[in-house]
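If you read the protein sequences in the order shown, they are chains H and A. Start counting the first sequence at 1; every next residue gets the next number (the working numbering). Start counting the second sequence at 1; every next residue gets the next number (the working numbering).
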Amino acid sequence: MVIPWLGIPLKAVIDWAKPLASAKYIEFISESDQSMMPGTRSGLLDWPYTEALRMDEATHPLTILAVGLYGKSLLNQNGAPLRLVVPWKYGFKGAKSIVKIRFSESMPVSTWMKASPKEYGFYANVNPNVDHPRWSQATERRIGSGLFQSRIKTKMFNGYQEEVGSLYSGMDLAKNF
Amino acid sequence: MKIFTAKRFHQLVFWLSFAPLGYLIVLTLRDDLGANPVQRLIQFSGTWSLNFLLATLAMSPLVKMTGNKIWFGFLKLFGLWMFFFALLHSLVYVGIDHAFDWEEIFHDVFSHVYLISGLIALLLSVPLAATSNQWLKNKLGVFWKKLHQLIYVIAVLAVLHYWLAVKLDISSPFLYCAMLMLLLTFRFLP
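Spelled out as structure tokens, the structure:
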């Protein structure tokens, strides 16, 4: 889907927090109250949901902490009160209902990396050239375009090649997926 | 005058077997297929193809358990519904999801095991569907029986296709796999 998010640049929060120079990564931990979130009772994933970004990805102007969408505040099921939006990455990077943020020297292991390391990597950049082990990532269906919605070709970095490509120059994106 | 005749039972099951398709048509016409209608169509037709496939495999065990051969009378009905939903499933994938982009489809199918598995299951089902009438059954004799043993291969390929297509939560394919193994055990155990 193409969502009109409302939010603040994550950079603003990072600047306010004044992390040490040794901070290389930022980690997000989500709410996992079993009484409110029945899904967290399942052992399918290692709760609480954890995600992370490299500091340069986190301070990029496109990275925001969303507080609302379509002009309204986030509802609980949309990940209230705070939700991470990183538009050039796959959706699972966008942690919802964030309750704790911390900085780290070493690369954190996210929940999905733990669940299936061959399928879900740290970077999770939208990349039509790097297939998932079992299926292709070359095309996508845009949700909301109806029953006869045709698939469209997936764009590198979800169309943000110009804005974020330089963050990954020299990196083997097939290895660092 | 018996009320519960074999013929009436057969008619009841015949009309009931239209329910999944009917439900799907209603959902489609009411635009009630959800936020991702193409995915819903693919998943609905896929699961019902599997449901009818497992139903065909359940007939022989039911005959053994109830001592009544009436269940054999449903093999053709369930088999054809299985094929119908498999065809619908494939048509939505090819025609709606990928808009008949054959180059893209060939690349997708032949580089991914779950799709190769599904394709073979579909292709193997074609001769079964094509020979599912009494005239050909009589004409082909022993060969017909041997040909229709392919249903076991199709079943395994179909469950594999489902299992590999699912992300992390394999609970549903696991259930189908367990049911398949149970039915195969019933069928092949003396």
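Where is the CB? At the ideal position from N, CA and C, for every residue including glycine.
8 Å Cβ cutoff met for residue i and residue j
{"i": "Leu164/A", "j": "Arg151/H", "result": "no"}
{"i": "Ile8/H", "j": "Ile26/H", "result": "no"}
{"i": "Glu140/H", "j": "Ala23/H", "result": "no"}
{"i": "Pro128/H", "j": "Thr154/H", "result": "yes"}
{"i": "Leu147/A", "j": "Leu123/A", "result": "no"}
{"i": "Ser117/A", "j": "Leu80/A", "result": "no"}
{"i": "Leu74/H", "j": "Gly68/H", "result": "yes"}
{"i": "Val153/A", "j": "Phe74/A", "result": "no"}
{"i": "Thr59/H", "j": "Lys93/H", "result": "no"}
Pick from the options that is closest to residue i, judged by C-alpha positions
{"i": "Gly146/H", "options": "Asp169/A, Leu29/A, Gly22/A, Trp15/A", "result": "Leu29/A"}
{"i": "Ile101/H", "options": "Gln137/H, Arg83/H, Gly43/H, Pro117/H", "result": "Arg83/H"}
{"i": "Tyr123/H", "options": "Ile98/H, Asn176/H, Thr40/H, Ile3/H", "result": "Asn176/H"}
{"i": "Trp71/A", "options": "Gly79/A, Tyr23/A, Ala58/A", "result": "Ala58/A"}
{"i": "Asn36/A", "options": "Ala95/H, Phe148/H, Lys89/H", "result": "Phe148/H"}
{"i": "Ser136/H", "options": "His98/A, Phe143/A, Pro173/A, Val156/A", "result": "His98/A"}
{"i": "Met113/H", "options": "Asp56/H, Gly159/H, Tyr49/H", "result": "Tyr49/H"}
{"i": "Ser116/H", "options": "Leu45/H, Met156/H, Ile29/H, Trp16/H", "result": "Leu45/H"}
{"i": "Leu50/A", "options": "Leu175/A, Thr185/A, Gly67/A, Arg187/A", "result": "Leu175/A"}
{"i": "Leu160/A", "options": "Ala55/A, Val63/A, Thr47/A, Phe83/A", "result": "Thr47/A"}
{"i": "Met36/H", "options": "Gly165/H, Asp56/H, Gln77/H, Val85/H", "result": "Gln77/H"}
{"i": "Gln39/A", "options": "Ser169/H, Arg142/H, Tyr160/H", "result": "Arg142/H"}
{"i": "His89/A", "options": "Leu41/A, Trp135/A, Lys139/A", "result": "Leu41/A"}
DSSP state of residue i mapped onto helix, strand, coil
{"i": "Tyr25/H", "result": "strand"}
{"i": "Trp81/A", "result": "helix"}
{"i": "Glu162/H", "result": "helix"}
{"i": "Ser17/A", "result": "coil"}
{"i": "Lys7/A", "result": "helix"}
{"i": "Ile25/A", "result": "helix"}
{"i": "Leu33/A", "result": "coil"}
{"i": "Thr56/A", "result": "helix"}
{"i": "Lys155/H", "result": "coil"}
{"i": "Thr185/A", "result": "helix"}
{"i": "Ser104/H", "result": "strand"}
{"i": "Leu45/H", "result": "coil"}
{"i": "Ile64/H", "result": "strand"}
{"i": "Val126/A", "result": "helix"}
{"i": "Thr59/H", "result": "coil"}
{"i": "Glu104/A", "result": "helix"}
{"i": "Asn51/A", "result": "helix"}
{"i": "Val99/H", "result": "strand"}
For residue j and residue i, believed in contact at Cβ under 8 Å, the rounded distance
{"i": "Ala121/A", "j": "Ala178/A", "result": "Not a contact, Cβ separation roughly 19 Å."}
{"i": "Leu77/A", "j": "Ser17/A", "result": "6 Å"}
{"i": "Gly71/H", "j": "Lys96/H", "result": "At roughly 19 Å, the Cβ-Cβ gap does not stay under 8 Å, so Gly71/H and Lys96/H are not in contact."}
{"i": "Leu65/H", "j": "Val130/H", "result": "At roughly 27 Å, the Cβ-Cβ gap does not stay under 8 Å, so Leu65/H and Val130/H are not in contact."}
Per DSSP, the bridge partner or partners of residue i
{"i": "Leu10/H", "result": "Per DSSP, none; premise fails for Leu10/H."}
{"i": "Gln50/H", "result": "Residue identity check: residue 50/H is Thr in the sequence provided, not Gln. Thr50/H is bridged to Ile29/H."}
{"i": "Trp5/H", "result": "Leu69/H"}
{"i": "Asn125/H", "result": "Lys89/H"}
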